[in-house]
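So the structure is just underneath, and the comments pick up after that.
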DNA sequence: ACAAGTATGCACCTTTTGGTAAGTGCCTAG
DNA sequence: CTAGGCACTTACCAAAAGGTGCATACTTGT
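Chains as they are written, first to last, in my numbering: chain A, 1 to 134; chain B, 1001 to 1134.
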């Protein structure tokens, strides 16, 4: 709650990524990744089909794709029991858990400022319905 | 560093946004927003042209657009001195500062795990050059 | 035999996002 | 009088992200 600039560990002069924040955001950007991380961090549903139903609006293609990326990024571990019918489940790796922990302040911020954010996004939606001609 | 699931304040049953994390990410998603936030949080360049040059690869259109969104989201304050030639500068609002603070753990995480993340992204780039036929 | 469930894969399309290039109005330097 | 900087704006495009729907191979339930 202080008003001084936080001592971010960002360094835009780093190679590849402009800063640590940039790297992190690239890893979690994906429409459903936060939710996936959320469910896995809660020890919630872990089987593919369960996740699929828990998230509801996601399509198979995208859910699979995002799980694969999270796996490739070393945040999620995929376990294929090689049974038939197929059984696969997903869980966070140690790295995934540490990321989930780093996300806590963002969750908190979002929750605390949800009202403001929601209001603005509602207006944005209104604009797109056309207008702003004058 | 604990291994238990962090007590995220996410609640996917909330209206509009699936959780606080979702709201936050929507507000900071934009190719250059993290950098903008970074510079402003550092008390770095604040005038439009300075930001423009500091970021280098960004185009006018997108930089302006992202600044506008950040402003609409209440994170950034735009000050137009109504001088001629034009002089405008940007700074973080209290809300922006609080967000920047919440981002610190993400910066740290990204910096600490940059090696792993970079490796994976390098491989992703390799894949896209074609392959994975066998 | 047939529908349903399991975890995906693939082709195709739409939406969103970002980028390019040019133009605006006004002022100062040469 | 032209060039350039300032802070944008606009029209047009390309790439990325996400969504839809069908297909697979096998099993269980009816």
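Virtual Cβ for every residue (Gly too), placed ideally from N, Cα, C.
Residues that DSSP places opposite residue i in a beta bridge
{"i": "residue 90(A)", "result": "78(A)"}
{"i": "residue 47(A)", "result": "89(A)"}
Proximity below 8 Å, CB of residue i to CB of residue j
{"i": "residue 1099(B)", "j": "residue 1063(B)", "result": "no"}
{"i": "residue 1091(B)", "j": "residue 1046(B)", "result": "yes"}
{"i": "residue 34(A)", "j": "residue 1022(B)", "result": "yes"}
{"i": "residue 1110(B)", "j": "residue 20(A)", "result": "yes"}
{"i": "residue 52(A)", "j": "residue 60(A)", "result": "yes"}
{"i": "residue 66(A)", "j": "residue 30(A)", "result": "yes"}
Element boundaries [alpha helix (DSSP H), containing residue i]
{"i": "residue 1057(B)", "result": "Unbroken run through residue 1057(B): none, as it is neither H nor E."}
{"i": "residue 33(A)", "result": "33-41"}
{"i": "residue 24(A)", "result": "20-28"}
Note to self: Under 8 Å, with one C-beta from each stretch per pair, do the segment 32-45 of chain A and the segment 1080-1087 of chain B reach the 3-pair mark?
What the structure shows: no
Next item on the list: Please name the residues in the segment 1044-1076 of chain B whose beta-carbon is closer than 7 Å to at least one beta-carbon of chain A, in chain order.
Entry: 1072, 1073 and 1074
Next item on the list: Select from the segment 91-108 of chain A all residues with a C-beta closer than 9 Å to any C-beta belonging to chain B, and list them in chain order.
Entry: 92, 94, 95, 97, 98, 99, 100, 101, 102, 103, 104, 105, 106, 107 and 108
Next item on the list: Indicate whether the contact test is met: 3 or more Cβ pairs, each with one atom in the segment 1108-1123 of chain B and one in the segment 66-74 of chain A, closer than 8 Å.
Entry: yes
Check: What residues in the segment 1029-1040 of chain B bring their beta carbon closer than 7 Å to a beta carbon of chain A?
Finding: 1029, 1034, 1035 and 1038
Note to self: Please list, in chain order, the residues of the segment 10-26 of chain A that have any C-beta partner in chain B closer than 9 Å.
What the structure shows: 10, 11, 12, 14, 15, 16, 17, 18, 19, 20, 21, 22, 23, 24, 25 and 26
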